[in-house]
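Number of protein chains: 2
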Amino acid sequence: MSKPSKTAPQRSDHETRVTDDHHESLRLWLRMLSCTNLVEAHIRSQLRLRFQTTLPRFDLMAQLERHPEGLKMGELSRRMMVTGGNVTGITDQLVAEGLVVREDNPKDRRAYIVKLTKEGRRVFREWAVEHEDWVIRLFEGLGEKEKKQLYDLLARLKQFVGSLGTGN
Amino acid sequence: MSKPSKTAPQRSDHETRVTDDHHESLRLWLRMLSCTNLVEAHIRSQLRLRFQTTLPRFDLMAQLERHPEGLKMGELSRRMMVTGGNVTGITDQLVAEGLVVREDNPKDRRAYIVKLTKEGRRVFREWAVEHEDWVIRLFEGLGEKEKKQLYDLLARLKQFVGSLGTGN
DNA sequence: CCACAAATATTTAAGGTTAAAATATTGTGG
DNA sequence: CCACAATATTTTAACCTTAAATATTTGTGG
Numbered sequence: 066m067s068k069p070s071k072t073a074p075q076r077s078d079h080e081t082r083v084t085d086d087h088h089e090s091l092r093l094w095l096r097m098l099s100c101t102n103l104v105e106a107h108i109r110s111q112l113r114l115r116f117q118t119t120l121p122r123f124d125l126m127a128q129l130e131r132h133p134e135g136l137k138m139g140e141l142s143r144r145m146m147v148t149g150g151n152v153t154g155i156t157d158q159l160v161a162e163g164l165v166v167r168e169d170n171p172k173d174r175r176a177y178i179v180k181l182t183k184e185g186r187r188v189f190r191e192w193a194v195e196h197e198d199w200v201i202r203l204f205e206g207l208g209e210k211e212k213k214q215l216y217d218l219l220a221r222l223k224q225f226v227g228s229l230g231t232g233n
Numbered sequence: 066m067s068k069p070s071k072t073a074p075q076r077s078d079h080e081t082r083v084t085d086d087h088h089e090s091l092r093l094w095l096r097m098l099s100c101t102n103l104v105e106a107h108i109r110s111q112l113r114l115r116f117q118t119t120l121p122r123f124d125l126m127a128q129l130e131r132h133p134e135g136l137k138m139g140e141l142s143r144r145m146m147v148t149g150g151n152v153t154g155i156t157d158q159l160v161a162e163g164l165v166v167r168e169d170n171p172k173d174r175r176a177y178i179v180k181l182t183k184e185g186r187r188v189f190r191e192w193a194v195e196h197e198d199w200v201i202r203l204f205e206g207l208g209e210k211e212k213k214q215l216y217d218l219l220a221r222l223k224q225f226v227g228s229l230g231t232g233n
């Protein structure tokens, strides 16, 4: 399907098809990237305006909110899909702001357990409600059915890309 | 739950554990974000390994390649969706590397015209071929029809989000 | 012509990001 | 017990990114 090939099919062959596919995938990727950038820019801007915070800070707290038992630095780094050194810096800030704590782990003194503080939980719950509102508004251009379609297509993409290994 | 099983692969990204029915848009957004991050990580890694360059550098050159007449700094910044100060730094590097030039514009001495050099065009053409190859492999998990569906859904999303204004 | 707003680009300060090196702890085989 | 690999985190250097402040030039109304 969709290999109509407006060009002279005098030799409709492998090369032609590969070339078409290249352009399709590339255009799809660029569109996906700009969509994500647009949404992300909105959210960053709102986090800054409304809560004087940043997306990585928010993201780290969101991970901890889903894991009340606490997470190690390395777990945070994997879940946030950033490198470990990065988590160190962001955690330092949040500790300084009193929103998270590093708890010593007597079982393994290499690894902390990072948790939200009481204040961190309180603050994050407020933020999360408003954050979800922004997201809902940003995706209002799609209907229920479209959202589900998009969700499912992205599931397939994610699974495939994830299966290719971390990318050396 | 209190014991982090070592065997569980644990997808480990933005998307884990948001299973409430009423949070469709949020889940969709988190999935979209992690898809984009996965693909982007692959590409950054390859650009670094294969060409010792970075995504912003590559992106700037890609914009110039599509506009042989040259672009002003501000145009680059809009197309790349980054702030102007950013483009200054990346352009400085590429000029130092001999891949782009700032041409003085006698019509308006506020604005340069930035273009690829001959060497820049040569190098970018090589890079672009391989870059397209990476992208097509990353999206091979989707069929033709699925790619088209995804492309169209993202078009709707992009148009809607774009219509909301810049947000601040 | 002149004052001044608008447009363009750069600089600055603060923070996010990475890969690689360094540090510290744990576990294991000999 | 000891050497040594594996694990967990931090540090470092380089780069990307932003928002705000600073020139510089252009255009316009008076």
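Order-wise, the sequence lines are chains A and B. Per our numbering, the first sequence runs over residues 66 to 233. Per our numbering, the second sequence runs over residues 66 to 233. The C-beta atom is built at its ideal place from N, Cα and C for all residues, glycine as well.
Along the region 127 to 168 of chain B, the alpha helix (DSSP H) occurs as fully enclosed runs of 4 or more residues at 138 to 145, 149 to 161, listed in sequence order.
Residues are counted here when their Cβ sits less than 8 Å from a Cβ of chain A; for the region 206 to 217 of chain B these are Gly-206, Leu-207, Glu-209, Lys-210, Glu-211, Lys-212, Lys-213, Gln-214, Leu-215, Tyr-216, given in chain order. Separation of the CB atoms of Val-179 (chain B) and Gly-208 (chain B) is rounded to 39 Å, and the pair is thereby denied contact status at 8 Å.
At a Cβ-Cβ threshold of 7 Å, Cys-100 (chain B) and Leu-222 (chain A) count as neighbours. Going by beta carbons, Arg-109 (chain B) and Leu-120 (chain B) fall inside the 7 Å limit.
DSSP, read as helix, strand or coil, puts Lys-180 (chain A) in strand. In this structure, DSSP gives Lys-223 (chain B) a helical state, which the three-state scheme calls helix. What Thr-101 (chain A) touches in chain B, judged by beta-carbon distance under 7 Å, is Met-97, Leu-98, Thr-101, going in chain order. Chain B has a Cβ within less than 7 Å of the Cβ of Trp-94 (chain A). Any Cβ of chain A closer than 7 Å to the Cβ of Phe-225 (chain B) would place that residue at the interface, and such an atom is present. Inclusion of Val-147 (chain A) and Met-138 (chain A) in the CB contact set at 7 Å is not warranted, their separation being larger than that value. For the region 189 to 204 of chain B, the set of positions with a beta-carbon nearer than 7 Å to some beta-carbon of chain A reads Glu-197, Val-200, Ile-201, Leu-203, Phe-204 in chain order. The straight-line gap separating the alpha-carbon atoms of Met-145 (chain A) and Gln-128 (chain A) is approximately 8 Å. Below the 9 Å Cβ cutoff, chain B contributes Leu-93, Arg-96, Met-97, Ser-99, Cys-100, Leu-215 as neighbours of Leu-219 (chain A), in chain order.
Contact note: Ser-90 (chain B) reaches chain A through Glu-197, Val-200, Ile-201, Arg-202, Leu-203, Phe-204, Glu-205, Leu-207, Lys-212, using a C-beta cutoff of 9 Å and chain order. Taken through DSSP and simplified to helix, strand or coil, Lys-212 (chain B) comes out as helix. Contact of Val-166 (chain A) with chain B is not assigned, every C-beta pair being separated by 7 Å or more.
Here Leu-114 (chain A) is exposed. Its C-beta has fewer than 16 other C-beta atoms within 10 Å.
Identification of chain A residues near Val-104 (chain B) by a Cβ-Cβ cut-off of 9 Å yields Trp-94, Met-97, Leu-98, Leu-222, Val-226, ordered along the chain. The straight-line gap separating the alpha-carbon atoms of His-132 (chain B) and Gln-224 (chain A) is approximately 36 Å. Three or more pairs of CB atoms, one per stretch, sit closer than 8 Å, so the region 180 to 197 of chain A contacts the region 157 to 171 of chain A.
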